[in-house]
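Notes to accompany the following structure.
This is the structure we're talking about:
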């Protein structure tokens, strides 16, 4: 996705973020969950985000994913990443609600 996403793209992004939250909530191997989330969210870019606040949350989320090393991922790190993704999804949903036709 290049450039700021339109409404339909933002809806798809929130769906991907919800899927990422579901993956992280699963009780399987932490490294596998983080790898799944990275793969799912890889196509997204900060300029796909609708607001400066959402871009900032996206950058923080990417940085958090990059900091997680597969052999040392803790339950707390998974929880933190889950919260960050949830905050980003909420920020995009709030933007969509405010700009509804």
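Residue numbers (the numbering used here): 3 to 103. Glycine is no exception: its CB is placed at the ideal position from the N, C-alpha and C atoms.
Item, Value
"Using three-state DSSP, classify residue 63 as helix, strand or coil.", "helix"
"Here's the rule I'm using: 16 or more other beta-carbon atoms within 10 Å means buried, otherwise exposed. How should residue 45 be labelled?", "exposed"
"Measure the CB-CB distance between residue 98 and residue 12 and report whether it falls below 7 Å.", "yes"
"Cutting at 7 Å between CB atoms, please list the residues of its own chain near residue 4, excluding the five before and the five after it.", "Here residue 4 scores only 45 on pLDDT, less than 50, and its place in the model should not be relied on; the value that follows carries that caveat. Excluding positions up to five away in sequence, the list is empty."
"Tell me where the alpha helix (DSSP H) around residue 21 begins and ends.", "9-27"
"Going by DSSP in three states, residue 40 sits in which element: helix, strand or coil?", "helix"
"Given a cut-off of 7 Å, decide if residue 26 and residue 35 are closer than it, judged by their beta-carbon atoms.", "yes"
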